[in-house]
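Heads up: the sequence lines are chains A and B, in that order.
Per the numbering used here, the very first residue in the first sequence carries number 18; after that it's consecutive.
Per the numbering used here, the very first residue in the second sequence carries number 874; after that it's consecutive.
Here's the structure we're looking at; comments come further down.
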Amino acid sequence: MMRRLCLLLCMGLAGPGHAAPDKAAAALFDPVASVVMSPRCVNCHQAEAPRQKDLGVIHAQQVVRGKDGHGSAVLHCAACHQASNSAQGKVPGAPNWHLAPLSMRWQGLDKKAICQQMRDPARNGNRKTGEQVIEHMKTDPLVLWAWNPGAQRTKPQMSHEEFLKVLETWADAGMPCPE
Amino acid sequence: MMSLNINGKNLRVEAEADTPLLWVLRDELHMSGTKFGCGMALCGACTVHIDGQPTRACVLPASAAVGKKITTIEAIGDSAVGKRVQQAWAEIDVPQCGYCQSGQIMAATALLKAIPKPSDKDIDQAMSGNICRCGTYPRIRAAIHKAAGQA
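Printed below as a string of structure tokens:
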């Protein structure tokens, strides 16, 4: 009984409570944020409509999220966005082009709020561990497209290889968020 | 060399895998009803249906349409909804120059199949990728409502 109580207490103290991380730990999200807050990511982590270009202008053609993030009933993202870039790179493309789920929208969120969304299973697609959280950013072709976007589009500040390193460091530290 | 199912027929075509479907339709098969507009999926003139979904043939690699049902403007009147759309278009006399109208009819038919009684908002969200330089938008909207039996 005492052992179980101790275990529970210890888990409570050392567990994923995310309470008051020290400054150094909180800063671990900064390099992650420098990538995920780039237009290549944020433009599709929107609420009702995707955005375009580095300025993040609302997508032309009145493109909307639709019921499943793939566009309106008959103007799907895939009407134009193919499995790879087309029209000499002018039309971006990657497999399954679509908006991030509504729960994962970053529209209007700052660095801290994005960090909190990413580690919140209620809003991140029920991803519980750091490894699960960063998996999308490690392997999803839609994410990888950001490092090979073509047509002189701006890329994230660091290489994908460097991004993997900062993601893993952040995940290993228990996904600390800025205060 | 690949086989494409176009308007219910399996056709062998010579095109390279990455040739846009629009080139296959127009240049190889001489089906010129589908129009070339911008070549960058910005205007909607080249709209065809891939498994019923409007798709811009100018940016769709032909190989991506293998194994799918391609429908073009030449066969849109074979479906009851497509026929109704064509009739509404003729009755209201929608086209001016006509260049975009194949794409408009393809988009409108897909809309009415998905949403038989569309609201103006449904129409906006389905048709905004189809540009009309002549500005026939009010007549397009009226024709869609008419084909839906709402006007």
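Using N, Cα and C, we set each Cβ at its ideal position, and we do this for glycine too.
Given the structure is predicted, the values throughout are model-derived calculations rather than measurements.
Please look up how many angstroms separate the CB atoms of residue i and residue j, rounded, as I've assumed it's under 8 Å.
i               : j              : result
I978 (chain B)  : I943 (chain B) : That belief does not hold up - the Cβ atoms of I978 (chain B) and I943 (chain B) are roughly 16 Å apart, past 8 Å.
A1016 (chain B) : A961 (chain B) : 4 Å
G1002 (chain B) : L161 (chain A) : The Cβ separation is near 27 Å, so there is no contact.
P193 (chain A)  : L45 (chain A)  : 6 Å
S120 (chain A)  : R144 (chain A) : About 11 Å; that fails the 8 Å criterion.
Q99 (chain A)   : V932 (chain B) : 6 Å
Kindly say whether residue i, judged by its beta-carbon, lies nearer than 8 Å to any beta-carbon of chain A.
i               : result
Q959 (chain B)  : no
I988 (chain B)  : yes
A890 (chain B)  : no
P1011 (chain B) : no
S1001 (chain B) : yes
A938 (chain B)  : no
D997 (chain B)  : yes
T944 (chain B)  : no
R1006 (chain B) : no
M913 (chain B)  : yes
R929 (chain B)  : yes
A1023 (chain B) : Per the sequence shown, the amino acid found at residue 1023 (chain B) is Gln instead of Ala. Answer no: the Cβ-Cβ gap between Q1023 (chain B) and chain A never drops below 8 Å.
Does the beta carbon of residue i come closer than 8 Å to any beta carbon on chain B?
i              : result
S51 (chain A)  : no
K107 (chain A) : yes
A100 (chain A) : yes
C97 (chain A)  : yes
P33 (chain A)  : The predicted model places P33 (chain A) with a pLDDT of 49, which falls under 50 and marks its position as unreliable; any figure quoted below should be read in that light. No, because no Cβ of chain B sits closer than 8 Å to the Cβ of P33 (chain A).
V91 (chain A)  : yes
A104 (chain A) : yes
Q69 (chain A)  : no
Q78 (chain A)  : yes
V81 (chain A)  : yes
Starting from the C-beta of residue i, find all residues in its chain whose C-beta is less than 8 Å away, skip the five residues before and the five after it, and write them out in chain order.
i               : result
D966 (chain B)  : R1012
A96 (chain A)   : G88
C65 (chain A)   : One detail in the question is off: residue 65 (chain A) reads as Glu in this sequence, not Cys. Result list for E65 (chain A): V81 and R82, in chain order.
K1019 (chain B) : A961, E964 and I965
G925 (chain B)  : K942, T944, A983 and K986
For residue i, which three-state DSSP category applies?
i               : result
S946 (chain B)  : In the sequence under discussion, the amino acid at residue 946 (chain B) is Ile, which differs from the Ser named in the question. In this structure, I946 (chain B) counts as helix in the three-state DSSP scheme.
K882 (chain B)  : strand
T186 (chain A)  : helix
S876 (chain B)  : strand
V91 (chain A)   : coil
V1066 (chain B) : With chain B covering only 874 through 1024, there is no way to say anything about residue 1066 (chain B).
V958 (chain B)  : helix
P48 (chain A)   : helix
P1011 (chain B) : helix
T928 (chain B)  : strand
I75 (chain A)   : strand
P67 (chain A)   : coil
V53 (chain A)   : helix
V857 (chain B)  : Nothing in the structure corresponds to residue 857 (chain B), since chain B is present only between 874 and 1024.
V108 (chain A)  : strand
S936 (chain B)  : helix
P118 (chain A)  : coil
Can you find the residues in the same chain that come closer than 7 Å, C-beta to C-beta, to residue i, ignoring five residues on each side of it along the sequence?
i              : result
N883 (chain B) : S876
S905 (chain B) : R899
G73 (chain A)  : P56, V59 and N60
I946 (chain B) : G906, T907, S975, I978 and M979
H76 (chain A)  : A66, P67, R68 and Q69
R122 (chain A) : H62, Q63 and A64
C94 (chain A)  : H87, G88, W114 and H115
Tell me which same chain residues have a C-beta within less than 6 Å of the C-beta of residue i, skipping the five on either side of it?
i              : result
A117 (chain A) : C61 and H62
P968 (chain B) : Q974
P197 (chain A) : Any question about residue 197 (chain A) goes unanswered here, given that chain A covers just 18 to 196.
May I ask whether a heavy atom of the ligand PLP can be found less than 7 Å away from the beta carbon of residue i?
i              : result
G906 (chain B) : The ligand PLP is not part of this structure, which contains no ligands at all.
Open item on the list: When you compare the segment 147 to 158 of chain A with the segment 883 to 897 of chain B, are there three or more beta-carbon pairs, one atom per stretch, that lie closer than 8 Å?
Closed with: Output reads no: the segment 883 to 897 of chain B does not touch the segment 147 to 158 of chain A.
TODO: May I ask you to verify whether the segment 157 to 174 of chain A touches the segment 104 to 115 of chain A, counting CB pairs closer than 8 Å and requiring at least 3?
DONE: Contact between the segment 157 to 174 of chain A and the segment 104 to 115 of chain A is present, because at least three Cβ pairs lie under 8 Å.
Task: the segment 46 to 61 of chain A contacting the segment 177 to 184 of chain A, beta-carbon criterion three pairs below 8 Å - done: Yes: at least three Cβ pairs fall under 8 Å.
Open item on the list: Does the segment 975 to 990 of chain B come into contact with the segment 918 to 929 of chain B, if we say contact requires no fewer than three beta-carbon pairs (one atom in each stretch) closer than 8 Å?
Closed with: At 8 Å Cβ cutoff, the stretches touch.
TODO: Pair every Cβ in the segment 924 to 943 of chain B with every Cβ in the segment 119 to 134 of chain A, then say whether three or more of these pairs are closer than 8 Å.
DONE: A contact is defined here as three or more CB-CB pairs under 8 Å, and the segment 924 to 943 of chain B fails this definition with respect to the segment 119 to 134 of chain A.
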